[in-house]
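One structure below.
Residue numbers (our numbering), protein chains in the order written: chain A, 1 to 102; chain E, 1001 to 1707.
Structural data, given as structure tokens:
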């Protein structure tokens, strides 16, 4: 079955987002949770590029590359936070931070 | 005038500065030297008073000379009021409140003859009593009592307040002084605040005074409403104007009437007379409301209950505040507002009746008491009653004269009682000691002199002033008041010497625990002696010397009354009373006889035949217990006011506790209950929140795709 590039891209984006959500919800390791959010992020970006193609607008791809750069910075920041959290508790388990129980 | 003004300001300020300094550094640094600052402040104030009074006397003398010249040359006396007004002018110290429409309420003082007399009573006696306190507020070894510096700070505060009260130039400042003396009185009655009775007495004094002051404040408000100003002179002028209005002199009065009525346009005769009638009607209310304040402060029936209890305070306080000065503020108020009172026959009748009733009522209670200070307190009530009696019959000058003589001998009596109390280690019940004549020679002599003066023995101070009052009452339109005055004079002589006999005469007796009585130190005896001299000679400023037979060369109407004449001139015009003929020689004999009758009876009953009083008490049936229990007034008030109020208070306490509190409990707990339900959702795990977000997102998507 032949499919147009935009549709493929949007399906891949949706799959990536779904994988990210499931990963985030099921794992306790903070690095893995962080990776999952990154996967969700890539899914959204792929979606964005697909939408751009659908509209015949190159700005979608331009914005995608731009956001990718920002995401690299954000990833550095996020990993730094994870390192700090690890130093505090000595573990990467997110359950170590379950102190705000009602 | 300018010097008078700048000097007058210092009279209240100096005691205040002394008081504040002692309050600030007394406890830490001055300790038993605290009295020096207050003594210094009051001594300097005394110098200022003397300077002010000498200026006033000089001014008054000049005005009188002008009068005399004018009278000789047959000039109409209309312009002489200008000379008097120089003294009756009030001077503004500070512009206080803008009342709109260009009118201001100021802090203003007024120095005239009446103020001078009051200052001459308050400050010198205050000075003597501050000195006396230096000796009194120490134990036998000369160590100061606890709260020594506090005591002197309060005394300074009181002298500040009292001088503000008498120097006030308008009703607002008067009210400020009035409340300040109330506060100082409260603080000093409750000086021994560890003693429950003292704390209770202080509260009682404060609350009973509130009742009177409520009326007083309403009266001041009504004055402002009627006359648009609170300045003494403007109010008094307006009152005399309103009283002179009769329709015929309309044309002459109308320019001034406009100011009085506050109307812009010129009213016609009917409208003007209607307005004036309304003002005249209000004057009665103003007088009665002002008198409410006077009844509270001067402890007249039915607001007298606080004064005997106020004796819980230290004795110098009783002498200064609750005998010589503060309690006479009511008399001063009525004398100051003589024009207002004279304009209302109802108010005059009321003042006179209350005065006479209190005089007799308090004298009968004094017959049966055993606490020296309480006997003196009831005696003070009775003498204040005399003063109001005099005011009520229009003898304003006699009232002020009696105020002035009374201050000396009553202060001396109180200080004497304090000296006895000091020697008896705080015991003041005359049944517990006796025959102290030899042990306390100076106290005994000064006490005896003042008692003779109080009893009205001829040639001593109260003889002149009391006779004048009785004479004025008998000559006026309420002679019954004069007869009550005579009866009270007899009782006064009797209860005074009953006290002297029980404390000083007869066989020597000391209370348990006191080995020997010893005379007080110099700090205490010197003021006693000075006051005793005053008790003898103070009356002579009110005596007119002239040639004649025995006693005929003395007329009880002298320099003092002449000096005060301008102050009460307005009231005399309003009363339209012919000057009372001061030919009371027959009365002089009668009152002398009454004084001796009372004294000899007391001497006979309590030294020669000590069984007689008991027999009389038994024979009198219910009368003796009635007197002894002060006519059950306290019990009646307790039943009528205190208990119902307490019940009401309990009711409100209950409704607050169970009604309002429960409601607030429900309201306060509502968020808690809600939170209890909601906080279970707060698990702390990030995945939980993320799941919530995603489920929300799914729900939203579903909702959007549905629609």
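All C-beta atoms in this analysis are idealised placements derived from N, C-alpha and C, irrespective of residue type, glycine included.
Nothing here was measured: the structure is a model prediction, and the numbers come from that model.
Can you grab the Cα-Cα spacing for the pair residue i / residue j, in whole Å?
{"i": "residue 43 (chain A)", "j": "residue 30 (chain A)", "result": "20 Å"}
{"i": "residue 1163 (chain E)", "j": "residue 1180 (chain E)", "result": "10 Å"}
{"i": "residue 1688 (chain E)", "j": "residue 97 (chain A)", "result": "13 Å"}
{"i": "residue 10 (chain A)", "j": "residue 77 (chain A)", "result": "28 Å"}
{"i": "residue 1441 (chain E)", "j": "residue 1519 (chain E)", "result": "7 Å"}
{"i": "residue 1737 (chain E)", "j": "residue 1205 (chain E)", "result": "An answer regarding residue 1737 (chain E) cannot be provided, because it is not within the stretch 1001 to 1707 covered by chain E."}
{"i": "residue 1629 (chain E)", "j": "residue 1109 (chain E)", "result": "44 Å"}
{"i": "residue 1590 (chain E)", "j": "residue 1479 (chain E)", "result": "16 Å"}
{"i": "residue 1346 (chain E)", "j": "residue 1338 (chain E)", "result": "14 Å"}
{"i": "residue 1383 (chain E)", "j": "residue 1210 (chain E)", "result": "23 Å"}
{"i": "residue 1083 (chain E)", "j": "residue 1605 (chain E)", "result": "Residue confidence is low: residue 1083 (chain E) scores 44 on pLDDT, short of 50, so the model does not pin down where it sits. Its coordinate-derived value is still stated next. Rounded to whole angstroms, residue 1083 (chain E) to residue 1605 (chain E) spans 57 Å at the Cα level."}
{"i": "residue 1190 (chain E)", "j": "residue 1670 (chain E)", "result": "47 Å"}
{"i": "residue 1365 (chain E)", "j": "residue 1332 (chain E)", "result": "26 Å"}
{"i": "residue 1694 (chain E)", "j": "residue 1668 (chain E)", "result": "35 Å"}
{"i": "residue 1506 (chain E)", "j": "residue 1607 (chain E)", "result": "6 Å"}
{"i": "residue 1470 (chain E)", "j": "residue 1041 (chain E)", "result": "39 Å"}
{"i": "residue 1674 (chain E)", "j": "residue 1680 (chain E)", "result": "11 Å"}
{"i": "residue 1532 (chain E)", "j": "residue 1452 (chain E)", "result": "10 Å"}
{"i": "residue 1323 (chain E)", "j": "residue 1274 (chain E)", "result": "45 Å"}
{"i": "residue 1355 (chain E)", "j": "residue 1481 (chain E)", "result": "9 Å"}
{"i": "residue 95 (chain A)", "j": "residue 89 (chain A)", "result": "10 Å"}
{"i": "residue 1363 (chain E)", "j": "residue 1458 (chain E)", "result": "20 Å"}
{"i": "residue 1177 (chain E)", "j": "residue 1165 (chain E)", "result": "4 Å"}
{"i": "residue 1243 (chain E)", "j": "residue 1106 (chain E)", "result": "27 Å"}
{"i": "residue 1567 (chain E)", "j": "residue 1113 (chain E)", "result": "7 Å"}
{"i": "residue 1316 (chain E)", "j": "residue 1125 (chain E)", "result": "11 Å"}
{"i": "residue 1020 (chain E)", "j": "residue 1278 (chain E)", "result": "47 Å"}
{"i": "residue 1619 (chain E)", "j": "residue 1435 (chain E)", "result": "28 Å"}
{"i": "residue 129 (chain A)", "j": "residue 91 (chain A)", "result": "Because residue 129 (chain A) is not part of the residues shown, which for chain A are 1 to 102, the question remains open."}
{"i": "residue 1650 (chain E)", "j": "residue 1351 (chain E)", "result": "38 Å"}
{"i": "residue 1330 (chain E)", "j": "residue 1298 (chain E)", "result": "5 Å"}
{"i": "residue 1292 (chain E)", "j": "residue 1213 (chain E)", "result": "7 Å"}
{"i": "residue 996 (chain E)", "j": "residue 1407 (chain E)", "result": "Limits of chain E in this structure are 1001 at one end and 1707 at the other, which puts residue 996 (chain E) out of reach."}
{"i": "residue 1188 (chain E)", "j": "residue 1093 (chain E)", "result": "29 Å"}
With residue i and residue j assumed to form a contact (beta carbons below 8 Å), what rounded beta-carbon distance in angstroms separates them?
{"i": "residue 1312 (chain E)", "j": "residue 1201 (chain E)", "result": "4 Å"}
{"i": "residue 1359 (chain E)", "j": "residue 1484 (chain E)", "result": "7 Å"}
{"i": "residue 1708 (chain E)", "j": "residue 1123 (chain E)", "result": "Residue numbering for chain E in the displayed model covers 1001 to 1707; residue 1708 (chain E) lies beyond these limits and cannot be assessed."}
{"i": "residue 36 (chain A)", "j": "residue 24 (chain A)", "result": "4 Å"}
{"i": "residue 1574 (chain E)", "j": "residue 1161 (chain E)", "result": "With a Cβ gap of about 31 Å, residue 1574 (chain E) and residue 1161 (chain E) do not count as contacting."}
{"i": "residue 1149 (chain E)", "j": "residue 1026 (chain E)", "result": "3 Å"}
{"i": "residue 1454 (chain E)", "j": "residue 1398 (chain E)", "result": "At roughly 17 Å, the Cβ-Cβ gap does not stay under 8 Å, so residue 1454 (chain E) and residue 1398 (chain E) are not in contact."}
{"i": "residue 1011 (chain E)", "j": "residue 1049 (chain E)", "result": "6 Å"}
{"i": "residue 1447 (chain E)", "j": "residue 1413 (chain E)", "result": "6 Å"}
{"i": "residue 1409 (chain E)", "j": "residue 1493 (chain E)", "result": "That belief does not hold up - the Cβ atoms of residue 1409 (chain E) and residue 1493 (chain E) are roughly 13 Å apart, past 8 Å."}
For residue i, which residues does DSSP report across the bridge?
{"i": "residue 37 (chain A)", "result": "Partner(s): none; residue 37 (chain A) has no beta bridge."}
{"i": "residue 1434 (chain E)", "result": "E:1509"}
{"i": "residue 1453 (chain E)", "result": "Residue 1453 (chain E) is not bridged to any residue."}
{"i": "residue 1144 (chain E)", "result": "E:1138"}
{"i": "residue 1429 (chain E)", "result": "E:1371"}
{"i": "residue 1168 (chain E)", "result": "E:1109"}
{"i": "residue 47 (chain A)", "result": "None; residue 47 (chain A) has no bridge partner."}
{"i": "residue 93 (chain A)", "result": "A:29"}
{"i": "residue 1090 (chain E)", "result": "E:1110"}
{"i": "residue 1231 (chain E)", "result": "E:1170"}
Shorter than 7 Å from the beta carbon of residue i to some beta carbon of chain C?
{"i": "residue 1478 (chain E)", "result": "Within the model displayed, chain C is absent; protein chains A and E are what it includes."}
I want to check one thing, is the minimum distance from the CB of residue i to the heavy atoms of the ligand GTP below 6 Å?
{"i": "residue 1445 (chain E)", "result": "The ligand GTP is not part of the structure shown, which contains no ligands of any sort."}
- Query: Which runs of the alpha helix (DSSP H), 4 residues or longer, sit entirely within the region 1004-1036 of chain E?
  - Reply: Unbroken alpha helix (DSSP H) runs of no fewer than 4 residues, entirely contained in the region 1004-1036 of chain E, are not found.
- Listed from N- to C-terminal order along the chain, which residues in the region 1680-1706 of chain E have their beta-carbon within a distance smaller than 8 Å of any beta-carbon of chain A? Along the region 1680-1706 of chain E, the positions whose C-beta sits under 8 Å from a C-beta of chain A are 1680, 1681, 1682, 1683, 1684, 1685, 1686, 1687, 1690, 1691 and 1694, read in chain order.
- Residues of the region 13-43 of chain A whose Cβ lies closer than 7 Å to any Cβ of chain E, in chain order: Residues of the region 13-43 of chain A whose Cβ lies closer than 7 Å to any Cβ of chain E, in chain order: 21, 24 and 25.
- Can you list the alpha helix (DSSP H) stretches of 4 or more residues lying completely in the region 1279-1316 of chain E, in chain order? Runs of the alpha helix (DSSP H) spanning 4 or more residues and lying entirely within the region 1279-1316 of chain E occur at 1306-1309, in chain order.
- Query: Of all the residues that make up the region 89-100 of chain A, which are near chain E by a beta-carbon distance shorter than 8 Å?
  - Reply: Here the close residues are 94, 95, 97, 98, 99 and 100.
- Item | Every unbroken alpha helix (DSSP H) inside the region 1092-1142 of chain E [4 residues or more] | Fully contained in the region 1092-1142 of chain E are the following alpha helix (DSSP H) runs of length 4 or more, in chain order: 1113-1136.
- Counting only runs of 3+ residues fully inside the region 1592-1638 of chain E, write out the beta strand (DSSP E) ranges in chain order. With a minimum length of 3 residues, no continuous beta strand (DSSP E) run stays inside the region 1592-1638 of chain E.
- Query: Taking the runs of the alpha helix (DSSP H) that are 4 residues or longer, which of them lie wholly in the region 1328-1387 of chain E?
  - Reply: Counting only runs of 4 or more, we get 1329-1336, 1338-1342 and 1345-1366.
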